[in-house]
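Numbering (UniProt numbering), first residue to last: 1 to 200.
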């Protein structure tokens, strides 16, 4: 007998937790004994296996092309890509600082903040002249072409697989021709969701 509870965002009710039966060590031990042959048959002996885990960092001031990034996430994220995390931006949403958070086959792309360079383009940002001037000074000291906007992702996994994934991610960055086209008003197809609903 197992109780399964939905826990959105760690929102577990204390009374539900306290009403659960105590952990039954005896039943678990019996279950392990019953399943031991099946467990041994499924799990190979990996005592001699060497793990070739490494990491790659993708860092660039250019944004990702939305469609190429979408295609890359659906084609190149194999089982050997264990973890990747970082910040990125997309043209057409160039005011938004987006968080990339991937573990195994699950990936979350979330809005987390606004780039300072993007805030200056907002007419309703409620900043004083002094605040706007201070942000402009900060941005002038930034090394990138796009103010504080940048893509910086760290990818961890098996060497053979993360090299392909990291290369595919680098190929998602806009080319110089695409940057010029975008700056002249070009709009890229963007398959990523534009609205997010949080279910409680």
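The beta-carbon is built from N, C-alpha and C at its ideal position, and this holds for glycine as well. These numbers were taken from a predicted model, which means no experiment stands behind them.
| Asked | Found |
| --- | --- |
| Tell me which residues share the same chain as residue 157 and place their Cβ nearer than 6 angstroms to its Cβ, disregarding the 5 neighbours each side in the sequence. | 80, 81, 82 |
| Would you be able to state if there are at least three C-beta pairs under 8 angstroms between the segment 63–72 and the segment 87–99? | yes |
| So, at 7 angstroms on beta carbons, what are the nonlocal neighbours of residue 179 in its own chain, with the 5 sequence-adjacent residues on each side left out? | 62 |
| Confirm, please, whether the CB-CB distance from residue 70 to residue 97 is below 8 angstroms. | no |
| May I ask you to verify whether the segment 135–154 touches the segment 53–61, counting CB pairs closer than 8 angstroms and requiring at least 3? | yes |
| Among residues of its own chain, excluding the 5 on either side of residue 15, which ones have a beta-carbon nearer than 7 angstroms to its beta-carbon? | none |
| Under a Cβ-count criterion, where at least 16 other Cβ atoms within 10 Å of its own Cβ denotes burial, should residue 148 be classed as buried or exposed? | buried |
| Quick check on the burial criterion: 16 or more other C-beta atoms within 10 angstroms. Buried or exposed for residue 84? | buried |
| Roughly how many angstroms lie between the CA atoms of residue 177 and residue 171, to the nearest whole one? | 14 angstroms |
| Which residues mark the beginning and the end of the alpha helix (DSSP H) in which residue 249 is found? | Residue 249 is absent from the structure shown; the chain starts at 1 and stops at 200. |
| Taking residue 14 as part of the alpha helix (DSSP H), name the residues at either end of that continuous run. | 14–18 |
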